[in-house]
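Protein sequence lines correspond, in order, to chains A and B. If you count by the working numbering, then the first sequence holds residues 511 to 720, one letter each, in order. If you count by the working numbering, then the second sequence holds residues 511 to 720, one letter each, in order. Each remark here refers to the structure printed beneath this line.
2 protein chains.
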Amino acid sequence: MFEKIPKPVARRLAIYYRVLKEQSKNGAETISSSSLGRMLDLKPSQIRKDLSYFGGFGKRGTGYNVIDLMKSIEKILGIDKRWNVLIIGAGKIGRALANYPGLIQDGFTIKGIVDVSEKKIGKTIDEHLTIEDVAEMEKIIRERKIEIGVLCVPSDVAQKVLNSVIQYGIKGIVNFVPKRLKAPKDVMIEDVQISLSFKALSFRMVNSER
Amino acid sequence: MFEKIPKPVARRLAIYYRVLKEQSKNGAETISSSSLGRMLDLKPSQIRKDLSYFGGFGKRGTGYNVIDLMKSIEKILGIDKRWNVLIIGAGKIGRALANYPGLIQDGFTIKGIVDVSEKKIGKTIDEHLTIEDVAEMEKIIRERKIEIGVLCVPSDVAQKVLNSVIQYGIKGIVNFVPKRLKAPKDVMIEDVQISLSFKALSFRMVNSER
DNA sequence: TTCTAATTGTGAAATTTACCACAATGAGGT
DNA sequence: ACCTCATTGTGGTAAATTTCACAATTAGAA
Chain A
511 MFEKIPKPVA RRLAIYYRVL KEQSKNGAET ISSSSLGRML DLKPSQIRKD LSYFGGFGKR
571 GTGYNVIDLM KSIEKILGID KRWNVLIIGA GKIGRALANY PGLIQDGFTI KGIVDVSEKK
631 IGKTIDEHLT IEDVAEMEKI IRERKIEIGV LCVPSDVAQK VLNSVIQYGI KGIVNFVPKR
691 LKAPKDVMIE DVQISLSFKA LSFRMVNSER
Chain B
511 MFEKIPKPVA RRLAIYYRVL KEQSKNGAET ISSSSLGRML DLKPSQIRKD LSYFGGFGKR
571 GTGYNVIDLM KSIEKILGID KRWNVLIIGA GKIGRALANY PGLIQDGFTI KGIVDVSEKK
631 IGKTIDEHLT IEDVAEMEKI IRERKIEIGV LCVPSDVAQK VLNSVIQYGI KGIVNFVPKR
691 LKAPKDVMIE DVQISLSFKA LSFRMVNSER
């Protein structure tokens, strides 16, 4: 359907989406690639090229209609529908994500959170989600039609847990475990490794003369 | 000192570091670029090139000494010393980071956490850190020699808070706020935007045939 | 000592990504 | 209807990054 999309493009589209949402709240009707570029420290030409992979959304002389472009990016990113998400592991990160507004507002519905710990099972997070038993995971995934799993378990069991959820039919993983996991290629894994950002920062601070 | 380093290299070094640490715990003495590559799904040549920017750490025919390479990467990344960190904002993310083992183990000492909310100030997180008043922030930063700030405040105040902490002398920021922040170029900002990863995953799931 | 097998370090090629420059287009004014 | 100004969409080029390919080196065996 489309020509090949450079990998960094999807991530930037999500950034554009954020700004467009904000701008539409502020009542802006149109936005130009140069004003977007100024807000995001990106070259206008990059923004135009990114968008042009998916079609011509702009109008010459005027720029882009904020609402229309927002809707178009929603479609491209696949967040025009809602995704059912299960959080696996109710440690600090798992619990923090359990009702993270940024996710809920943008197309992701947290349908549950599971853990192994007897102590945690049954506890309620923010009067809204109750931690369930990992043993119920297959049932939860199948009945609630979970499509995305958020992996927040200890490193040493991560691959095992991943293998299970794949068997139960999950097709996408956001992986917070600091480990490279193996999965069939029809299962998409997106790694989030917070501690890498700290180390990258440290590197830049130490080597800032470069 | 060094030739120009491609931007993705620092992040990969942090990944290599993680594996080396694990391998050294398992008692491995040496490791080759190809075995590292297999573990991380990277081409061995990439690993060798990445390392070669900083010197020749390996021995032909044998590979790399695990401990030595680990120590070398620690130096390169600047985590051979400890960094003093202040968490700004005691919302979900801030509290989750407050004693995140991944950070504490790898060179970052959380020296405090501050918030504006009367309700939160004074509360203790994991019997270990007490949430302090943002009003005390200047004093905290100067007295505890804070070098890195972790920004976990609401979007609308982020730039203002950032401006303050920069005045108080902070030189590095890990920014969890979904917004591009402006700072003088001697202040390093590393963005962590969890919701982008979810959207990138959604994109890949929707466009997986590509 | 000499041979063999393993593995690095690195210039050069290939690939990927970003950027530029400009023709094409649309809106608004005269 | 025509001119002017702003801005897009895009082919081509430049820059950045990855990958290849191979000489150089080391360890160990014969």
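Note that CB positions come from ideal geometry on N, CA and C, so glycine has one too.
Cutting at 7 Å between CB atoms, please list the residues of its own chain near residue i, excluding the five before and the five after it.
i	result
residue 648 of chain B	678
residue 668 of chain A	661, 687, 689 and 691
residue 554 of chain B	543, 544 and 547
residue 659 of chain B	596, 598, 675, 680 and 683
residue 558 of chain B	543
residue 757 of chain B	This structure does not reach residue 757 of chain B, given that chain B is present from 511 up to 720, and the question cannot be answered.
With DSSP collapsed to three states, give me the class of residue i.
i	result
residue 577 of chain B	helix
residue 672 of chain A	helix
residue 529 of chain A	helix
residue 701 of chain B	strand
residue 696 of chain B	coil
residue 557 of chain B	helix
residue 683 of chain B	strand
residue 603 of chain A	helix
residue 583 of chain A	helix
residue 635 of chain A	strand
residue 629 of chain A	coil
residue 535 of chain B	helix
Could you please give the first and the last residue of the uninterrupted beta strand (DSSP E) stretch that includes residue i?
i	result
residue 623 of chain A	618-625
residue 643 of chain B	639-643
residue 658 of chain B	658-661
residue 552 of chain B	That residue, residue 552 of chain B, is in no beta strand (DSSP E); it is neither H nor E in DSSP.
residue 596 of chain B	593-598
Sorted by chain position, which residues of the same chain lie with C-beta nearer than 6 Å to residue i's C-beta, five sequence neighbours on each side aside?
i	result
residue 618 of chain A	593 and 595
residue 556 of chain A	none
residue 614 of chain A	none
residue 564 of chain A	586
Of the residues the options, which one's Cα is nearest the Cα of residue i?
i	options	result
residue 643 of chain B	B:655, B:628 and B:636	B:628
residue 530 of chain B	B:569, B:578, B:571 and B:514	B:578
residue 520 of chain B	B:568, B:586 and B:703	B:586
residue 638 of chain B	B:657, B:525, B:620 and B:535	B:620
residue 709 of chain A	B:710, B:526 and B:604	B:526
residue 634 of chain B	B:650, B:609, B:552 and B:574	B:609
residue 655 of chain B	B:670, B:622 and B:672	B:622
residue 778 of chain A	A:532, A:566 and A:625	The shown model of chain A, from 511 to 720, leaves out residue 778 of chain A, and the question about it has no answer.
residue 561 of chain B	B:712, B:513 and B:670	B:513
residue 694 of chain A	A:711, A:612, A:672 and A:703	A:672
residue 601 of chain A	A:664, A:670, A:716 and A:707	A:664
residue 534 of chain A	A:666, A:616 and A:580	A:580
residue 630 of chain A	A:572, A:605, A:703 and A:707	A:605
residue 712 of chain A	B:572, B:591, B:611 and B:651	B:591
residue 612 of chain B	B:532, B:718, B:716 and B:707	B:532
residue 552 of chain B	B:518, B:572 and B:570	B:518
Taking residue i and residue j to be in contact with their CB atoms under 8 Å, please state how far apart those CB atoms are, rounded to whole angstroms.
i	j	result
residue 696 of chain A	residue 685 of chain A	Contact flag wrong, Cβ pair sits at about 16 Å.
residue 698 of chain A	residue 714 of chain B	5 Å
residue 583 of chain B	residue 523 of chain B	5 Å
residue 576 of chain A	residue 541 of chain A	5 Å
residue 568 of chain B	residue 574 of chain B	5 Å
Give every residue of the same chain whose Cβ lies closer than 8 Å to the Cβ of residue i, excluding the five residues on either side of it in the sequence, and list them in chain order.
i	result
residue 632 of chain B	640 and 641
residue 705 of chain B	688
residue 636 of chain A	608 and 609
residue 657 of chain B	593, 594, 595, 680, 681 and 682
Within the continuous alpha helix (DSSP H) that includes residue i, where are the two ends?
i	result
residue 648 of chain A	647-653
residue 611 of chain B	611-614
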